[in-house]
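Trainee: Just so you know, the protein sequences line up as chains A and B, in that order. Numbered according to this note's numbering, the first sequence spans residues 516 to 714. Numbered according to this note's numbering, the second sequence spans residues 466 to 841. So that we are looking at the same thing, I have put the structure below in structure tokens.
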Amino acid sequence: MVFKKKNSRYDFPIIANWVAPNSKVLDLGCGDGELLNYLKKERNTTGYGIEKDPDNWLKSLKAGVNVLQVDIEAGLPEFEDNSFDVVILSKTIQSMHNTEEILNEMLRVGKQVIVTFPNFGYWRDRIQTIRGVMPKSKELPYSWFNTPNVHLCTIKDFDNLCKSNKYQIVDRLVLTDTKSVKFFPNLLGALALYSLVNR
Amino acid sequence: MTTKNSIGIVKTKIFKSSNSLRLQSGKVLKEYSLVYETYGKLNAKRNNAVLVCHALSGNHHLAGKYSSKDKHPGWWDNLIGPNKPLDTNKFFVIGINNLGGSDGSSGPKSINKKTNKPWGSKFPITTVEDWVNSHEALITYLNISKLAAVIGGSLGGMQAIQWSIQYPEKIEHAIVIAAAPNLTAQNIAFNEVARQSIITDPDFNKGNYYEKKKLPKRGLRIARMLGHITYLSDDVMGSKFGRKQKNKSYQYDFNTEFEIESYLNYQGDKFAEEFDANTYIRMTKALDYYDPANGNKKNLSKIFKKIKSKVLVVAFTSDWRFSPNRSKEIVKALLDNNINVKYAEITAASGHDAFLMTEPRYHAILESYFKEMLRN
């Protein structure tokens, strides 16, 4: 897997791998709608995207996605329990305020939940912190003063949250660039991908 | 207003139905007329027709002018025309004056053949459901088996959603703007004040005023003033008028002191000259009665089961008469039925009236939505 064009995302195939064919999918923070369209193509999925940013919303519309402009910080009251096969939160959790509430809502609405996030325990981030500056990287391109990311976490942190909230981890994959990281993932992995269900 | 991209000079047509129409009230209109306008060309497949439904004070004159001397274009001219968001180079656009209207369709102002006099108070109250039935008759007459879209704001949005419920096979897309699945008590209350101001005007004469010299302008004027306050947001009134005064100092009398008073009086006067009081009270009744779920939110999901069209729902943040939360009730019931729905919440200052404004993001959304329709 290589970067082909600006918007192609190397985590898409992994997410698609975890999504059963013909699933009904809800993508929270669907951006330009590319992931939903990828899943539609690869897995024949249906479903909806949620996007609050007006520019991204319009991109999703143009991509033909069923996009809804609601604020997920207020939960998912528009959706019934177990009304989706899969609910996805891709590289968005770190910018959420009500993080725990959202995860609970996702597991209420979806039978399966996929969460991906930049691992703050990644060695490049750690080194920058040791040097005395806030980390910046491919996964975390912002400066401390303009970052939307308010709830960054490490893989260990997320594992602990799953344990205490009784989320069952069905699958976990850690990547750096496009390569899977098996050794010391919390130190050597840049991006974490989780597939969860309610225990 | 620039004439660029204008549809130009337009003509009103008339559809006369000799078939009777059974109304929701149980009454029957033995025959009826609808005035309408069309812009653009119906394509060979006859599948590019877009019906535009009007709100409380609208009519069939959506765009263009009647003559080169005509001062004002149709009420949605900023949206409809060649290369405009609803592009008349691509779509065949239809505007209809609803039953009970006063611009040429059968209504209190039109002649009752039985008596050879204006219907006046005798014209039955028609509902959103009745309008949709009458629209369908006209669409069938135009030999269109399926509309590409039905679009409307406010009361027009209610008609768009009702079209999807009532004729699911005959509509491809519903575009529901600044609407709600029914009115709140507060909304009905505003409507009742408007109606009372008209009905208690001594010149109203129980609705039979057409043959008298005097029209119930006072009542209609107050009703419009009240309406105007509720269509705008506190913010936009504040920024537009604030406490700006007509004179440098207070006059200590009851003449117009503040700019906002002057604005409301002007709007009220203008409207009372142009609009019909009987139509106004009937339109507010149609709003009040509309409630496809019969007062039960859960019912809405059941009713929406019939819907086959795709739906775009648009709401405006500062709209407090048809707030985004009410639009989201529509969205929720559509989601419960796995319907293809898109929902946009537009940050706009101008309140309920925003749906008539040239708000860039709003128009960009509609433009893209119509373009998407052509692609699929």
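Positions of the beta carbon are idealized from the N, C-alpha and C atoms, including for glycine.
Inspect the beta-carbon positions of Ile608 of chain A and Ser710 of chain A and report whether they are closer than 9 angstroms.
Mentor: Here residue 608 of chain A corresponds to residue number 93 of the first sequence, with the count starting at 1. Here residue 710 of chain A corresponds to residue number 195 of the first sequence, with the count starting at 1. Result no, Cβ atoms of Ile608 of chain A and Ser710 of chain A do not sit closer than 9 angstroms.
Trainee: If Met690 of chain B sits next to Gln732 of chain B, beta carbons under 8 angstroms apart, how far is it from one beta carbon to the other, in whole angstroms?
Mentor: For the purposes of this step, residue 690 of chain B is taken as the residue at position 225 of the second sequence. For the purposes of this step, residue 732 of chain B is taken as the residue at position 267 of the second sequence. Sure, about 7 angstroms apart at Cβ, within 8 angstroms.
Trainee: May I ask you to report which of helix, strand or coil DSSP gives Pro583 of chain B?
Mentor: In the second sequence, the residue the question calls residue 583 of chain B occupies position 118. Strand.
Trainee: Compute the Euclidean distance between the alpha carbons of Thr665 of chain B and Gly684 of chain B, then round it to the nearest angstrom.
Mentor: Residue 665 of chain B sits at position 200 when you count from the first residue of the second sequence. Residue 684 of chain B sits at position 219 when you count from the first residue of the second sequence. Rounded to whole angstroms, Thr665 of chain B to Gly684 of chain B spans 7 angstroms at the Cα level.
Trainee: Go ahead and pull the three-state DSSP assignment for Pro825 of chain B.
Mentor: Residue numbering aside, residue 825 of chain B sits at position 360 when the second sequence is read from its first letter. Helix at Pro825 of chain B.
Trainee: Buried or exposed for Ala751 of chain B, going by 16 or more other Cβ atoms inside 10 Å?
Mentor: In the second sequence, counting from the first residue as 1, residue 751 of chain B sits at position 286. The residue is buried, with at least 16 neighbouring Cβ atoms inside 10 Å.
Trainee: Shortest alpha-carbon distance to Ile803 of chain B belongs to which of A:Val534, A:Ser598, A:Asp570, A:His612?
Mentor: Indexing the second sequence from 1 puts residue 803 of chain B at position 338. Before going on, a small fix: residue 803 of chain B reads as Asn here, not Ile. Taking only the C-alpha atoms, the option nearest Asn803 of chain B is A:Ser598.
Trainee: Would you mind stating whether Leu516 of chain B and His600 of chain B have Cβ atoms separated by less than 9 angstroms?
Mentor: The residue labelled residue 516 of chain B in the question sits at position 51 within the second sequence. The residue labelled residue 600 of chain B in the question sits at position 135 within the second sequence. Taking 9 angstroms as the Cβ cut-off, Leu516 of chain B and His600 of chain B qualify as a contacting pair.
Trainee: Whose Cβ in chain A lies nearer than 7 angstroms to the Cβ of Ala829 of chain B?
Mentor: Locating residue 829 of chain B in the second sequence gives position 364, where the first residue counts as 1. In chain order: Leu573.
Trainee: Helix, strand or coil: how does DSSP classify Thr614 of chain A here?
Mentor: By 1-based counting over the first sequence, the position of residue 614 of chain A is 99. Three-state DSSP puts Thr614 of chain A in a helix.
Trainee: Tell me the rounded alpha-carbon separation between Phe787 of chain B and Ala639 of chain B.
Mentor: Looking up residue 787 of chain B in the second sequence gives position 322. Looking up residue 639 of chain B in the second sequence gives position 174. C-alpha separation (whole angstroms): 18 angstroms.
Trainee: So what's Gly617 of chain B in DSSP terms, helix, strand or just coil?
Mentor: In the second sequence, residue 617 of chain B corresponds to position 152, counting from 1. Strand at Gly617 of chain B.
Trainee: Comparing C-alpha positions only, which one of B:Leu486, B:Ile576, B:Thr503 sits nearest to Glu496 of chain B?
Mentor: Your numbering for residue 496 of chain B matches position 31 in the second sequence. Among B:Leu486, B:Ile576, B:Thr503, the Cα nearest to that of Glu496 of chain B belongs to B:Leu486.
Trainee: So, is the C-beta of Ile626 of chain B closer than 9 angstroms to a C-beta in chain A?
Mentor: Here residue 626 of chain B corresponds to residue number 161 of the second sequence, with the count starting at 1. Chain A contact via Cβ: absent.
Trainee: Counting C-beta neighbours from all protein chains within 10 Å, is the total for Pro656 of chain A 16 or more, i.e. buried, or is it exposed?
Mentor: Residue mapping note: residue 656 of chain A aligns to position 141 of the first sequence, counting from 1. Exposed.
Trainee: Can you tell me the Cα-Cα spacing of Phe594 of chain A and Lys793 of chain B, whole angstroms?
Mentor: Counting from one through the first sequence, the residue named residue 594 of chain A turns up at place 79. Counting from one through the second sequence, the residue named residue 793 of chain B turns up at place 328. So the two alpha carbons sit approximately 11 angstroms from each other.
Trainee: Taking three-plus beta-carbon pairs below 8 angstroms as touching, is the segment 703-717 of chain B in contact with the segment 606-619 of chain B?
Mentor: Counting Cβ pairs under 8 angstroms, fewer than three are found: no touch.
Trainee: Let me know the secondary structure DSSP gives Ile664 of chain B once reduced to three states.
Mentor: Position 199 of the second sequence, counting from 1, holds the residue named residue 664 of chain B. Ile664 of chain B falls in the helix class under three-state DSSP.
Trainee: What residues match up with Gln732 of chain B in a beta bridge as DSSP calls it?
Mentor: The residue labelled residue 732 of chain B in the question sits at position 267 within the second sequence. According to DSSP, which records beta bridges pairwise, Gln732 of chain B is partnered with nothing at all.
Trainee: Check this for me: beta carbons of Phe835 of chain B and Phe556 of chain B, under 9 angstroms apart or not?
Mentor: In the second sequence, the residue the question calls residue 835 of chain B occupies position 370. In the second sequence, the residue the question calls residue 556 of chain B occupies position 91. Yes.
Trainee: Is it right to say Gly560 of chain B is buried, meaning 16 or more other beta carbons lie within 10 angstroms of its own, or is it exposed?
Mentor: Taking the first residue of the second sequence as 1, we reach residue 560 of chain B at position 95. By the neighbour-count rule (16 or more Cβ atoms within 10 Å), Gly560 of chain B is buried.
Trainee: If we require 4 or more residues per run, which alpha helix (DSSP H) segments fall completely within the segment 683-758 of chain B?
Mentor: You should have 699-705, 724-739, 742-754.
Trainee: Does the beta-carbon distance from Gly548 of chain A to Lys574 of chain A come in below 9 angstroms?
Mentor: If you number the first sequence from 1, residue 548 of chain A lands on position 33. If you number the first sequence from 1, residue 574 of chain A lands on position 59. Yes, the Cβ-Cβ distance between Gly548 of chain A and Lys574 of chain A is below 9 angstroms.
Trainee: Quick test of your reading: Lys671 of chain B and Ser586 of chain B, contact by CB under 8 angstroms. State the CB separation rounded to the nearest angstrom.
Mentor: Against the second sequence, residue 671 of chain B aligns to sequence position 206. Against the second sequence, residue 586 of chain B aligns to sequence position 121. Indeed they touch by this definition, with Cβ atoms about 5 angstroms apart.
Trainee: For a quick check, are the C-beta atoms of Arg747 of chain B and Ile590 of chain B less than 9 angstroms apart?
Mentor: On the second sequence, residue 747 of chain B is found 282 positions in, with the first residue counted as 1. On the second sequence, residue 590 of chain B is found 125 positions in, with the first residue counted as 1. Yes, the Cβ-Cβ distance between Arg747 of chain B and Ile590 of chain B is below 9 angstroms.
Trainee: When the cut-off is 9 angstroms and only beta carbons count, does Leu551 of chain B lie next to chain A?
Mentor: For the purposes of this step, residue 551 of chain B is taken as residue 86 along the second sequence, with counting starting at 1. Not closer than 9 angstroms to any Cβ of chain A, the Cβ of Leu551 of chain B fails to qualify, so no.
Trainee: Which of the three DSSP states, helix, strand or coil, is assigned to Arg511 of chain B?
Mentor: As a first step, residue 511 of chain B is located in the second sequence; it is residue number 46 there, counting from the start. Coil at Arg511 of chain B, not helix or strand.
Trainee: Looking at the structure shown, is Ala748 of chain A part of a helix, part of a strand, or coil, going by DSSP?
Mentor: Residue numbering for chain A in the displayed model covers 516 to 714; residue 748 of chain A lies beyond these limits and cannot be assessed.
Trainee: Under 9 angstroms Cβ-Cβ, which residues of chain A neighbour Val641 of chain B?
Mentor: Here residue 641 of chain B refers to the residue found at position 176 of the second sequence. Under the 9 angstroms cutoff, chain A gives no residues; its nearest Cβ is about 14 angstroms from Val641 of chain B.
Trainee: At 7 angstroms on the CB atoms, spell out the chain A contacts of Asp801 of chain B, in chain order.
Mentor: Translated into positions along the second sequence, residue 801 of chain B becomes position 336. Residues of chain A passing the Cβ test: Glu595.
Trainee: Rounded C-beta distance between Leu554 of chain A and Val585 of chain A? I'm assuming under 8 angstroms.
Mentor: The residue given as residue 554 of chain A occupies position 39 in the first sequence. The residue given as residue 585 of chain A occupies position 70 in the first sequence. Leu554 of chain A to Val585 of chain A, Cβ: 20 angstroms. No contact.
Trainee: Compare the Cα-Cα distances from Gly622 of chain B to each of B:Pro646, B:Lys510, B:Ser533, B:Asp699 and report the closest residue.
Mentor: Position 157 of the second sequence holds residue 622 of chain B. If we check each option's Cα against that of Gly622 of chain B, B:Pro646 comes out closest.
Trainee: Is the segment 765-785 of chain B close to the segment 713-733 of chain B, with three or more CB pairs under 8 angstroms?
Mentor: No, because fewer than three Cβ pairs between the segment 765-785 of chain B and the segment 713-733 of chain B fall closer than 8 angstroms, the two stretches do not touch.
Trainee: Using a cut-off of 7 angstroms between C-beta atoms, extract the partners of Gln584 of chain A located in chain B.
Mentor: Position 69 of the first sequence, counted from the first residue, corresponds to residue 584 of chain A. The answer, in chain order, is Tyr808, Ala809, Glu810.
Trainee: Since I believe Val778 of chain B is in contact with Tyr808 of chain B (beta carbons under 8 angstroms), could you give me their beta-carbon distance rounded to a whole number of angstroms?
Mentor: Reading the second sequence from its first residue, position 343 is the one you call residue 808 of chain B. Reading the second sequence from its first residue, position 313 is the one you call residue 778 of chain B. Yes, Tyr808 of chain B and Val778 of chain B are in contact; Cβ-Cβ is about 5 angstroms, under 8 angstroms.
Trainee: As a quick exercise: from A:Val712, A:Ile684, A:Ser679, A:Lys653, pick the residue whose alpha carbon is nearest that of Gly704 of chain A.
Mentor: Taking the first residue of the first sequence as 1, we reach residue 704 of chain A at position 189. Looking at the Cα atoms, A:Lys653 is the closest of the given residues.
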